[in-house]
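Heads up: the structure comes next, in structure tokens.
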Amino acid sequence: MGLRWSKSKRIDAGRLAPDPARLRCLVALMTSLFAVSPSTEAAGNHPDLAGEELSNELCLGCHEDVAAELPSGQHAAVEQGCTACHDVIKAKDSPYLGGTLKDICGACHELAEKEIVAKHGAQPFAEVACTGCHAPHASKNKSLLLAYSHSPFTDGQCDSCHDTPENGKVRLVTKDAKELCTVCHEDLEKKFAAAKVVHAPIESEGCVLCHSPHATRNPAHLRDPAATLCASCHDDIFAQLSRASSHAAAKDPGCMACHDPHASNVPARLRADPNTVCLGCHFAALPPGGNAPPTVEIVPGYSVRGSLLQKTKQINLDKRGLGHPIFNHPVGGHPDPLRKGQQLGCLSCHFPHGGNSQKLLVFELAPGQGICQKCHQM
């Protein structure tokens with residue numbers, strides 16, 4: 054969202070030529086700027102500004118993430134001051150915008166202009182949040198696009214996914230988003246067809262529930278960071294992670310280290326059977342006494358940082374796969390004495406996400422009671 058300079062009269066960033074569109078932009082920006090008085094009133098609904106005089110330096114002193122972005126390619130509106138778009142007096146909630154995104158962006162960009170409409174493939178975009186595709190502060194990408202742009206969108210190939218709009222509504226060239234995505238992502242289509250467990254949103258909402266088809270700040274075109282996306286549906290699991298004992302892997306490397314986000318042949322879409330997943334990190338093939346390699350494959354087709362595994366508690370198993378929690382004890386291949394009809398495994402004793410007992414144990418230990426007594430008569 055940069056200031057709309059004319060091609061025939063490109064001027065210095067700090068000046069505005071007497072063009073009606075630029076004047077409208079200037080009026081909108083200056084009205085916002087001069088509405089802010091350098092007094093205690095400037096605190097408004099912002100919790101940290103009592104008695105402060107507003108300035109870019111003040112804002113960026115706390116918003117270091119925004120300050121770090123600016124050298125990559127600054128949005129021209131930033132030069133007009135943070136209060137050109139943000140109103141910390143009247144707006145109640147972060148990010149304290151001084152109006153709707155349509156109004157703020159439209160103050161500088163004539164959204165109905167032919168050139169802008171053409172750049173958006175003549176699709177109905179006026180009611181869409183501009184920041185869904187464009188960085189509001191800075192970006193190293195052309196047109197201030199967000200860091201990760203879907204290649205058809207970046208290349209302006211709107212018609213590869215969209216048909217001509219109808220009654221102001223977007224239309225796809227296929228019957229639904231899943232069918233559209235698998236036109237290019239054939240590997241995933243084959244995976245879905247062969248898997249026993251497919252992620253439910255894929256069948257109901259399609260890929261776009263988690264992935265942005267246009268642009269985003271997150272790798273793999275995720276709409277939000279992976280943990281945020283997972284928590285939006287699996288709040289029960291994230292409640293477990295807030296208990297006294299929680300699985301560190303859920304934060305780093307994250308849910309996808311254990312679970313395939315798309316499809317799997319194992320319940321809960323685990324990347325392998327539970328023991329294989331657990332032992333991938335807790336019985337890792339690390340070089341003895343030396344530095345770990347940059348990445349280590351913990352299950353077929355998925356790797357994590359070697360440095361992370363160096364910090365992970367390693368269990369000692371012999372060549373027969375015995376030795377936890379004590380010498381000669383099996384971790385699999387036997388009936389589970391606590392879960393009738395199931396096989397012994399890591400989940401016989403440990404929660405995979407979080408619990409209230411130490412070491413993620415699925416049971417409480419009474420004072421003086423050892424773990425062995427849970428299964429064995431002593």
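Mapped onto our numbering, the consecutive letters of the sequence shown carry residue numbers 54 to 431.
All residues carry an ideal CB built from backbone N, CA and C; glycine is no exception.
Exercise. What's the C-alpha gap between Val-415 and Lys-143?
Worked result: Walking along the sequence shown from the start, residue 415 turns up at place 362. Walking along the sequence shown from the start, residue 143 turns up at place 90. Going from the Cα of Val-415 to the Cα of Lys-143 covers about 50 Å.
Problem set entry | Boundaries of the alpha helix (DSSP H) in which Ile-169 is found, first to last residue | The count along the sequence shown starts at 1 and reaches residue 169 at position 116. Per DSSP, Ile-169 belongs to the alpha helix (DSSP H) from 167-172.
Exercise. To which residues does DSSP link Val-415 through a beta bridge?
Worked result: Sequence index remark: in the sequence shown, residue 415 carries index 362 (1-based). According to DSSP, which records beta bridges pairwise, Val-415 is partnered with nothing at all.
Problem set entry | Nonlocal neighbours in the same chain, by C-beta distance under 7 Å from Pro-378, ignoring five residues either side | Here the question's residue 378 lines up with position 325 in the sequence shown. Ile-424, listed in sequence order.
Exercise. Where does the unbroken alpha helix (DSSP H) through Ser-285 begin, and where does it stop?
Worked result: Residue numbering aside, residue 285 sits at position 232 when the sequence shown is read from its first letter. 279-286 is the span of the alpha helix (DSSP H), which, as asked, contains Ser-285.
Problem set entry | Within 8 Å, strictly: CB atoms of Ile-157 and Leu-150 | Residue mapping note: residue 157 aligns to position 104 of the sequence shown, counting from 1. Residue mapping note: residue 150 aligns to position 97 of the sequence shown, counting from 1. Yes, they are a contact pair.
Exercise. Using the beta-carbon count (16 or more within 10 Å), is Asn-328 buried or exposed?
Worked result: Along the sequence shown, read from residue 1 onward, the residue named residue 328 stands at position 275. Buried, because 16 or more other Cβ atoms sit within 10 Å of the Cβ of Asn-328.
Exercise. Could you give the distance in angstroms between the alpha-carbon of Gln-367 and the alpha-carbon of Phe-380?
Worked result: Reading the sequence shown from its first residue, position 314 is the one you call residue 367. Reading the sequence shown from its first residue, position 327 is the one you call residue 380. Those two C-alpha atoms are separated by around 14 Å.
Exercise. Is it the case that the Cβ atoms of Ser-213 and Pro-205 are separated by a distance below 8 Å?
Worked result: The count along the sequence shown starts at 1 and reaches residue 213 at position 160. The count along the sequence shown starts at 1 and reaches residue 205 at position 152. The answer is yes: Cβ separation under 8 Å.
Exercise. Considering only residues of the stretch 141-222, which uninterrupted alpha helix (DSSP H) runs meet the minimum length of 4 residues and lie entirely inside it, listed in chain order?
Worked result: Counting only runs of 4 or more, we get 154-159, 167-172 and 204-207.
Exercise. Which residue or residues does DSSP assign as beta-bridge partners of Gln-396?
Worked result: Within the sequence shown, the letter at position 343 stands for residue 396. Bridge partners of Gln-396: Pro-388.
For this session: Compute the Euclidean distance between the alpha carbons of Thr-84 and His-173, then round it to the nearest angstrom.
Result: Within the sequence shown, the letter at position 31 stands for residue 84. Within the sequence shown, the letter at position 120 stands for residue 173. Any reading at Thr-84 must be qualified, since the residue scores a pLDDT of 45, below 50, and its modelled position is unreliable; the value itself is stated next. Approximately 30 Å between the Cα atoms of the pair.
Problem set entry | Gln-411 to Pro-148 span [Cα, whole Å] | As a first step, residue 411 is located in the sequence shown; it is residue number 358 there, counting from the start. As a first step, residue 148 is located in the sequence shown; it is residue number 95 there, counting from the start. Rounded to whole angstroms, Gln-411 to Pro-148 spans 40 Å at the Cα level.
Problem set entry | Coarse secondary structure for Gly-354, derived from DSSP in three states | For the purposes of this step, residue 354 is identified with residue 301 of the sequence shown, where counting begins at 1. Three-state result, Gly-354: coil.
Exercise. Taking the alpha-carbon positions, what's the Asp-216 to Leu-275 distance?
Worked result: Within the sequence shown, numbered from 1, the residue matching residue 216 stands at position 163. Within the sequence shown, numbered from 1, the residue matching residue 275 stands at position 222. Roughly 24 Å between the two C-alpha positions.
Exercise. Helix, strand or coil for Gly-423 per DSSP?
Worked result: Here residue 423 corresponds to residue number 370 of the sequence shown, with the count starting at 1. In the structure shown, Gly-423 sits in coil (DSSP, three-state: anything other than H, G, I, E or B).
Exercise. Between Val-261, Cys-260, Glu-256 and Lys-304, which lies nearest to Thr-281 when the distance is taken from Cα to Cα?
Worked result: By one-based count along the sequence shown, residue 281 stands at place 228. Nearest option by C-alpha distance: Lys-304.
Exercise. In chain order, what residues of the same chain have a beta carbon less than 8 Å from the beta carbon of Lys-434, not counting five sequence neighbours either side?
Worked result: The structure shown has nothing for residue 434, since the chain only spans 54 to 431.
Problem set entry | Cβ shell of Pro-272 (< 7 Å), same chain only, five flanking positions each side left out | Residue mapping note: residue 272 aligns to position 219 of the sequence shown, counting from 1. Only Tyr-201 meet the Cβ criterion.
Exercise. Relative to the C-alpha of Ile-351, which residue among Pro-341, Leu-362 and Asn-344 is closest?
Worked result: Against the sequence shown, residue 351 aligns to sequence position 298. Answer by Cα proximity: Leu-362.
For this session: Starting from the Cα of Thr-365, find the closest Cα among Pro-390, Arg-373, Cys-331 and Pro-383 and give me that residue.
Result: Taking the sequence shown and counting its residues from 1, the one referred to as residue 365 is at position 312. For the residues Pro-390, Arg-373, Cys-331 and Pro-383, the minimum Cα distance to Thr-365 belongs to Cys-331.
For this session: Would you mind sorting His-387 into buried or exposed? The rule is 16 or more other CB atoms within 10 Å of its CB.
Result: On the sequence shown, position 334 is the one that residue 387 refers to. So His-387 ends up on the exposed side.
For this session: With DSSP as the reference, label Ala-297 as helix, strand or coil.
Result: Along the sequence shown, one-based indexing puts residue 297 at 244. Coil, per DSSP.
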